[in-house]
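This report concerns only the one structure given below.
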Amino acid sequence: MPDPDRRTVLSADGITLSYDRADIVTGLSVEIPDGSFTVIVGPNACGKSTLLRGLSRLLTPSAGRIVLDGREITSYPAKEVARRLGLLPQTAIAPEGITVADLVARGRYPHQNLLRQWSGADEQAVREALDATGTTGLAPRLVDELSGGQRQRVWVAMVLAQQTGLLLLDEPTTYLDIAHQVELMELFRTLNREGRTIVAVLHDLNHAARYASHIIAMRDGRILAEGPPGEVVTADRVEEVFGLPNVVIPDPVTGGPLVVPLGAPTRREAQR
Amino acid sequence: MMRVDVGYPRHVVRIGSATLPLRRRSLVVGALLLAAIVVLAVVSLGLGTYSLTPGQVVRALAGQGGALDRTVVLEWRLPRTLAAVLLGAVLAVAGALFQTVTRNPLASPDVLGLANGAFTGMLLAVVAGAASWSLLTVGAVAGGVVAAAAIWLLAHRNGISGFRLIIVGIGVSALLSSVNTWLLLQMELETAMFASAWGAGSLNGVGAAAVRGAALCSLPLLAALAVLVPRLRQLDLGDDVAAASGARPEAVRRTALIVAVALVSIATAVIGPVAFVALAAPQIARRLARTPYLSLGLSALTGAALLLVSDVIAQHVLPVALPVGVVTVSVGGVYLVMMIVREIRRRA
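Each protein sequence line maps, in turn, to chains S and V.
Each residue of the first sequence is one higher than the last, beginning at 0 in numbering that gives the first Met the number 0.
Each residue of the second sequence is one higher than the last, beginning at 0 in numbering that gives the first Met the number 0.
Spelled out as structure tokens, the structure:
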């Protein structure tokens with residue numbers, strides 16, 4: 000479990016992030032509210048995944064800085080960052096023939112060293128991570144044999160085994176059917192309520208509106224709006240961000256905002 | 000406390016406060032490979048024009064038995080057998096590193112052009128008039144390292160990607176191969192034949208000093224790899240997961256490739272570019288132990304056994320004594336075809 004006394008804070012201060020010398024994000028500042036379930040939304044190629052990579056130190060800003068727990072993130076040793084901040088990227092590869100328990104155990108890497116490659120704390124963290132994601136029964140199975148939804152829960156378990164107060168998730172529900180998407184979103188909400196700060200990049204606006212406590216809406220590498228779903232998810236705002244004419248009605252289940260598109264617009268935004 | 004079921008039998012080895020989880024199957028496979036190496040070594044030490052029984056070999060190794068037995072075993076044959084074991088292991092570990100870092104089972108010094116580069120270096124040394132064994136070795140090692148550096152620079156773009164490394168390697172390899180053919184055509188027949196035999200890789204004429212030198216260079220490198228192994232396991236999960244868990248993928252990859260090139264250079268210096276051990280041994284080890292990764296330790300044992308058995312076949316089983324490289328290519332070729340056929344069946 001993350002230490003409740005330790006305030007985990009993550010923020011970006013005027014950062015510029017680029018690939019191949021092309022700036023994707025320029026001079027962006029953002030603060031992740033402590034204990035929040037923050038969701039980053041925006042059209043394709045708006046820089047939302049890039050921002051997540053910057054926040055998790057996978058991409059070094061060419062200007063500005065990322066601050067983690069009051070210190071610049073680059074001032075920490077790599078393993079120390081990994082003990083505070085866990086990331087589930089889209090590019091995770093499950094080695095052929097690996098079992099679920101072994102894969103989850105790889106999340107313990109930042110807590111291990113050359114001499115101590117398996118401890119009681121490792122065992123316990125793996126058990127708790129399997130338990131939290133409902134994958135205890137899958138532990139001895141091969142990851143290759145699992146369904147997409149099960150597999151994604153196993154990857155979440157791996158990141159949980161890292162025992163970080165902060166969880167960053169890059170499109171964790173993409174390619175899953177709707178039932179598995181909802182199941183994962185519920186899991187993230189539970190993890191958030193247990194005290195972890197969660198930052199997720201999502202495509203589905205209605206999932207963002209339903210589960211997030213804080214939404215960051217991006218377009219063209221800039222933040223257009225941020226705040227609680229009720230303030231950010233409005234018809235005007237959604238049209239501004241996605242270029243999609245729509246109406247927002249109250250969600251019949253939660254009472255929160257629900258986006259209903261008004262049919263095909265002429266889409267001018269850059270396709271990926 | 001209930002143990003998490005990891006899906007296979009496992010032991011957690013404890014020495015003081017140090018702990019290391021080990022798969023039971025890996026331990027069993029490792030023990031069997033070790034036993035096979037010992038048996039093969041004793042057999043190979045006894046084979047030859049002056050043949051000895053295993054009992055005589057063991058007595059000679061223990062410093063007992065007749066003076067001639069000891070001379071034959073310890074002075075004539077032991078360096079060659081030790082070279083096969085040590086350099087088989089060295090090549091296999093290098094292959095496992097290449098394959099792990101590129102995430103591609105085809106990556107090996109042969110495919111990546113290091114072998115052809117070493118051969119080019121050696122041929123250039125011959126053309127330049129080098130006559131001594133040590134000068135040819137210097138040429139070979141330089142050729143391999145220059146080829147590796149060229150491939151590295153050509154494949155480098157925002158870091159090294161495995162696929163690009165292999166494609167560039169195959170290209171450089173093809174280029175060097177034609178240069179080698181041209182160089183061979185420029186030579187006197189006798190020199191060309193000698194050079195070709197060297198180019199196939201051979202354990203003939205390996206002396207005690209060369210083995211000692213190779214051991215002094217390679218054993219510290221092999222031991223230092225223990226530090227790299229946990230990082231390689233994170234790298235298996237993709238660069239992003241590795242980076243996010245605190246292993247630095249670029250640095251890990253760079254270190255692994257440098258160590259692999261160094262190991263290949265050591266082996267090439269002593270026995271020439273012996274093919275296929277580096278390619279096949281890690282994959283054979285993986286299939287034997289059913290690990291979800293290429294175990295460096297098991298690859299080393301498999302490589303040692305593979306080169307030893309190839310040398311016994313090359314020297315004693317076939318009617319003509321062949322360079323060991325010819326046998327490893329044949330053994331490895333059969334293996335590679337089997338692997339590809341299996342892969343095709345699985346996907347069909």
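Here a beta-carbon is modelled for each residue, glycine too, at the ideal position from N, C-alpha and C.
Below-7 Å beta-carbon distance, residue i vs any chain S residue
{"i": "residue 20/V", "result": "yes"}
{"i": "residue 236/V", "result": "yes"}
{"i": "residue 69/V", "result": "no"}
{"i": "residue 233/V", "result": "yes"}
{"i": "residue 29/V", "result": "no"}
{"i": "residue 242/V", "result": "yes"}
Pairwise C-alpha distance: residue j and residue i
{"i": "residue 80/V", "j": "residue 307/V", "result": "7 Å"}
{"i": "residue 155/S", "j": "residue 192/S", "result": "16 Å"}
{"i": "residue 166/V", "j": "residue 170/S", "result": "32 Å"}
{"i": "residue 255/S", "j": "residue 199/S", "result": "19 Å"}
{"i": "residue 223/S", "j": "residue 247/S", "result": "18 Å"}
{"i": "residue 203/V", "j": "residue 87/V", "result": "15 Å"}
{"i": "residue 209/S", "j": "residue 260/S", "result": "17 Å"}
{"i": "residue 53/V", "j": "residue 2/V", "result": "46 Å"}
{"i": "residue 26/S", "j": "residue 58/S", "result": "15 Å"}
{"i": "residue 35/S", "j": "residue 76/S", "result": "26 Å"}
{"i": "residue 271/V", "j": "residue 27/V", "result": "32 Å"}
{"i": "residue 201/S", "j": "residue 253/S", "result": "19 Å"}
{"i": "residue 122/S", "j": "residue 13/V", "result": "15 Å"}
{"i": "residue 170/V", "j": "residue 25/V", "result": "36 Å"}
{"i": "residue 95/V", "j": "residue 228/V", "result": "11 Å"}
Min CB distance residue i to chain V below 7 Å
{"i": "residue 125/S", "result": "yes"}
{"i": "residue 214/S", "result": "no"}
{"i": "residue 94/S", "result": "yes"}
{"i": "residue 32/S", "result": "no"}
{"i": "residue 47/S", "result": "no"}
{"i": "residue 101/S", "result": "yes"}
{"i": "residue 60/S", "result": "no"}
{"i": "residue 174/S", "result": "no"}
{"i": "residue 244/S", "result": "no"}
{"i": "residue 7/S", "result": "Annotation note: pLDDT 49 at residue 7/S (below 50); position unreliable, coordinate value reported separately. With 7 Å as the cut-off, residue 7/S does not count as an interface residue toward chain V."}
{"i": "residue 90/S", "result": "yes"}
{"i": "residue 28/S", "result": "no"}
{"i": "residue 256/S", "result": "no"}
{"i": "residue 197/S", "result": "no"}
{"i": "residue 55/S", "result": "yes"}
Buried/exposed call for residue i, threshold 16 Cβ in 10 Å
{"i": "residue 133/V", "result": "exposed"}
{"i": "residue 33/S", "result": "exposed"}
{"i": "residue 157/V", "result": "exposed"}
{"i": "residue 39/S", "result": "buried"}
{"i": "residue 248/V", "result": "buried"}
{"i": "residue 136/V", "result": "buried"}
{"i": "residue 173/V", "result": "exposed"}
{"i": "residue 124/V", "result": "buried"}
{"i": "residue 238/V", "result": "buried"}
{"i": "residue 162/V", "result": "exposed"}
{"i": "residue 61/S", "result": "exposed"}
{"i": "residue 8/V", "result": "exposed"}
{"i": "residue 192/V", "result": "exposed"}
{"i": "residue 18/S", "result": "exposed"}
{"i": "residue 113/S", "result": "exposed"}
{"i": "residue 91/V", "result": "buried"}
{"i": "residue 42/S", "result": "buried"}
{"i": "residue 174/S", "result": "exposed"}
{"i": "residue 310/V", "result": "buried"}
{"i": "residue 17/V", "result": "exposed"}
{"i": "residue 215/S", "result": "buried"}
{"i": "residue 90/S", "result": "exposed"}
Limits of the beta strand (DSSP E) - the one that residue i falls within
{"i": "residue 62/S", "result": "62-67"}
{"i": "residue 179/V", "result": "Residue 179/V -> not in any beta strand (DSSP E); alpha helix (DSSP H) instead, spanning 161-184."}
{"i": "residue 197/S", "result": "196-200"}
{"i": "residue 219/V", "result": "Note, residue 219/V: premise wrong, no beta strand (DSSP E); alpha helix (DSSP H) at 207-234."}
{"i": "residue 39/S", "result": "36-40"}
{"i": "residue 203/V", "result": "Run containing residue 203/V: none; DSSP gives neither H nor E here."}
{"i": "residue 20/V", "result": "17-22"}
{"i": "residue 22/S", "result": "21-31"}
Bounding residues of the alpha helix (DSSP H) (the contiguous stretch that carries residue i)
{"i": "residue 58/V", "result": "53-60"}
{"i": "residue 237/S", "result": "234-241"}
{"i": "residue 153/S", "result": "147-160"}
Segments assigned alpha helix (DSSP H), at least 4 residues, entirely inside the region 48-107 of chain S: You should have 77-83, 99-104.
4-residue-minimum alpha helix (DSSP H) runs that sit fully inside the region 255-294 of chain V, ordered along the chain: 276-288, all fully within the region 255-294 of chain V.
Residue ranges of each alpha helix (DSSP H) within the region 69-111 of chain V, 4 or longer: Complete alpha helix (DSSP H) runs here, min 4: 77-101.
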